[in-house]
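A short write-up of the structure that comes next.
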Amino acid sequence: MADTLKGAHFRLRCEQCGYRYEFDFSPSSYHLKENTIPGTDLPIRRECRCPSCGYAYRVWNREKDKRYYRSVYKGDQIFVLKCIYQFFRPNRWDVIVFKNPLEPKINYIKRLVGKPGEKIEIIDGDIYINDRIMRKPPKVQEELWMPIYEADYIPSRPQEERFNRHAWRLPFENVEGGRWVLSGRESAVFSLDGPEAEISRIQYNPQLGNDFRAAYAYDPPEFIRSMPICSDLMIRTYPQIAAGGGVGIELGKYGRRYQGWIHSDGRAQICRIETGKEPVVLKSGQWKAKSSNPLPELRFANVDHQLILEYDKVRLVYDMGRRLEDAGDARTIYPEAAILGYGALRLRHTGLFRDIHYLGYDISGQQPILRGGEGDPVVLGKDEYFACGDNSPYSSDSRWWERPGLRNLEGAYPAGIVPQDYLVGKAFFVHWPGGYKLIPGFFRFIPYVDGMKAIYGGSLAWDRRESATETKE
C-alpha cells in the first residue's frame, strides 16, 4: 500500500538533490525470515532511484563503508474501526482491513474499488465500473499523486552520469523561441520578462528527467523500462504575476491538449487547444486579483477524465465524460506537460506529478493480471468486493489471487473476491508511523510525528454523487 501505508522500510535522502523518500526493506535480501525487523543498521543491497531528480543510489562496493548503512523502520501502525462494517456497507476508495481469502489467519489491507453487483475493468491504469470511469474523491486523489519532478531539489553534482543513465539537465526547456530564464542549477525559480502580447513556452522533456512511466520510488527500479506510461498528470506552481501578465499550464493526453490559464486581470480559464485554430474556452471563472503573501498555489490536472484548475479560492472543473472514448482514442500518443506565460512572471516550487496507475500486467510487462484487465471484466455477486493495493507493482490483491478463497463452512469463494464475511474494518488513522531510536539495537520508541495522518477513503455523499452522475448519463 506504499506510499499511502508503508511496511518495513528505509528512509532515504537523495545524495544529489536532498529529496526525501522511502524504500522497501526486503528481509530475504539479507537472508532473514519474513517480517523480520533488524535492530541494527544495514546497507541497502538493491538499487533505488530518486523520484525527483532520477539519481540512482548504487549499492555495490559500499557494504564495508558504514556511511552507507541505514536504519530499518517498522511499518505503519494504524487504528482500525472494527465494527463499522457490521452496521454500514463499505464505500468505494475506503482503505479496508480484511482476512486474506487464501489464508484467513492473515489480515490484508487494501483499497476497495469494486462493490456488489458491479462490473469492474482496469483500463490504462484507471478503474472502470459498469463501463464508466470511477473518479477518486479529492482527499483520496491528494494521497495518490506521485512525484515526477520537483524544481526545489537541484542536484549538487549534475555531471555524474547516473541520472536515469545520463548527466543531469533541467528537464524543463524553452521551445518555440521561449524567453524563460531557467537557471536550474542555481535557483528553483523560473522567470519570464517578455512582451505582454507574446506567449513563451517551456516543455517538460522526459528524456532529460524522470519519464511518465508508472514507476514507484518505494520499489527497486529494475523494471522501470517495462512499466506502462501514466497519462494522468498534474503541474503545481506558485506564480507571481505582474500586471498585464498571465501563466498557463498545458497537459496532453491521448493526442488532445488542454490548457489552464490564470491572468493578472482575474480571469481563470480551461481551454482546448487545436493546431491552427483559436483556443476553445471550456470553462471560465474569476479570481480576486490581489497581492498575496504567501503566494497562492496554482494547479492544473488532467485526471480521471476531468480537467481541474485550482488557484487561490477558485476551482474550475470540466467533465470530459466518463466513457473510455470520451478522453480520446489515440492512447499510444505520449503525454505532454508544459508551462506557458506572457508578461512578467516568477514561478516558485514548481512540480510535476502523476496519478496512481493500477497495472493490467505484472511488473515485467509480460503477464496479464488474472482478472479485471481490459477486455476481461469481473462481475461481482452479492456481498462480494474487489480490492487493489495502492503500491501497484508488488501488490497481491484481487487482480492476482490464483485460487478460490476458503469459506468458513462448505464450498469456496470465487477467486479474486473479498467476501463480506471477511471484512475486519476500516483503516482511518496512522497513529505510529515507524519510530526513531536513540541507541542502536534498542526498540524505536520515539514516533515519527510527521507521518501521523488520517487515511482518507470514500464517503456516502461521494458515492451518492457518483451514482447520480452515472444515472444522469
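Offset between the sequence shown (1-based) and this note's numbering: plus 30.
Every residue gets a Cβ at the ideal spot worked out from N, C-alpha and C, and that includes glycine.
Owing to the predicted nature of the structure, the values given are computational and were not obtained by experimental measurement.
6 Å CB neighbourhood of residue i in its chain, flanking five on each side removed
i, result
"Ala273", "Ser294"
"Met350", "His335, Asp356 and Ala357"
"Glu45", "none"
"Ala484", "Phe459"
"Gln299", "Trp291, Val311 and Ser314"
"Tyr388", "Ile152, Gly155, Cys418 and Ser422"
"Pro177", "Pro81, Ser82 and Phe383"
"Ala331", "Met264 and Ile338"
"Tyr49", "Cys80, Ser82 and Tyr183"
"Val333", "Asp262 and Asp385"
"Val206", "Strictly speaking, residue 206 in this sequence is Glu, with Val absent from that position. These residues qualify, in order along the chain: Arg231."
For residue i, three-class secondary structure by DSSP
i, result
"Gln289", "strand"
"Pro177", "strand"
"Trp492", "helix"
"Ile279", "strand"
"Arg361", "coil"
"Leu354", "helix"
"Ile485", "coil"
"Phe253", "helix"
"Lys318", "coil"
"Tyr98", "helix"
"Ala367", "strand"
"Phe199", "The residue you asked about is not Phe; residue 199 is Arg in the sequence shown. Residue state, collapsed to three classes: coil."
"Arg209", "coil"
"Ile259", "strand"
"Tyr49", "coil"
"Lys456", "strand"
"Arg15", "In the structure displayed, the chain extends from 31 to 503; residue 15 sits before or after that span and is not available."
"Leu238", "coil"
"Arg43", "strand"
"Asp223", "strand"
"Tyr372", "strand"
Residues bridged to residue i [DSSP beta-bridge criterion]
i, result
"Phe118", "Answer is none; Phe118 lacks a bridge partner."
"Pro269", "Leu377"
"Asn204", "Ile232"
"Leu339", "Phe330 and Leu346"
"Pro463", "Asp106"
"Cys301", "Gln289 and Val311"
"Met264", "Ala331 and Phe383"
Proximal residues to residue i (C-beta, below 8 Å), its chain only, five neighbours per side dropped
i, result
"Asp413", "Pro146, Pro449, Gln450 and Asp451"
"Val277", "Thr267, Pro269, Ile271, Trp291, Ile292, Leu328, Ile369, Leu370, Gly371, Leu375 and Leu377"
"Arg243", "Ile254, Arg255, Met257, Pro258, Ile259 and Cys260"
"Ile363", "Gly282, Tyr284 and Gly285"
"Tyr341", "Ile292, Ala298, Trp317, Pro326, Glu327, Leu328 and Arg329"
"Gly455", "Val110, Leu111, Lys112, Cys113, Ile114, Tyr115, Ile126 and Val127"
"Arg100", "Phe40, Arg41, Leu42, Asp71, Leu72, Pro73 and Ile74"
"Gly208", "Ser230, Arg231 and Ile232"
"Arg401", "Val408, Ser428, Arg429, Ala445 and Gly446"
"Tyr98", "Pro73, Ile74, Val89 and Arg92"
"Arg192", "Tyr85, Ala86 and Arg88"
Test: residue i CB closer than 8 Å to a CB of chain C
i, result
"Ala357", "Checking the listed chains, one finds no chain C in this structure; it contains a single protein chain."
Sequence-distant residues of the same chain with beta carbon closer than 7 Å to residue i, five excluded per side
i, result
"Phe109", "Phe458, Phe459 and His461"
"Arg122", "Leu142, Val143, Lys145, Met164, Gly488 and Asp493"
"Trp198", "Cys83, Pro185 and Pro188"
"Arg437", "Tyr443"
"Ala367", "Tyr234, Leu263, Ile265, Leu281 and Leu382"
- Mind pulling the beta strand (DSSP E) runs of 3 or more residues that sit fully within the region 109-175? Correct list: 125-130, 133-144, 149-153 and 156-159.
- Would you call the region 240-258 and the region 389-397 in contact, with 3 or more CB pairs under 8 Å? Judged by Cβ distances under 8 Å, the region 240-258 makes contact with the region 389-397, as three or more pairs qualify.
- Three-pair Cβ contact test at 8 Å for the region 63-73 versus the region 162-177: The answer is no - the region 162-177 does not touch the region 63-73, with fewer than three Cβ pairs under 8 Å.
- Task: Scan the region 388-451 and note each continuous beta strand (DSSP E) run of 3 residues or more that stays entirely inside, going in chain order.
- Result: Qualifying beta strand (DSSP E) stretches, in chain order: 414-418.
- Which runs of the alpha helix (DSSP H), 4 residues or longer, sit entirely within the region 53-94? Qualifying alpha helix (DSSP H) stretches: none in this window.
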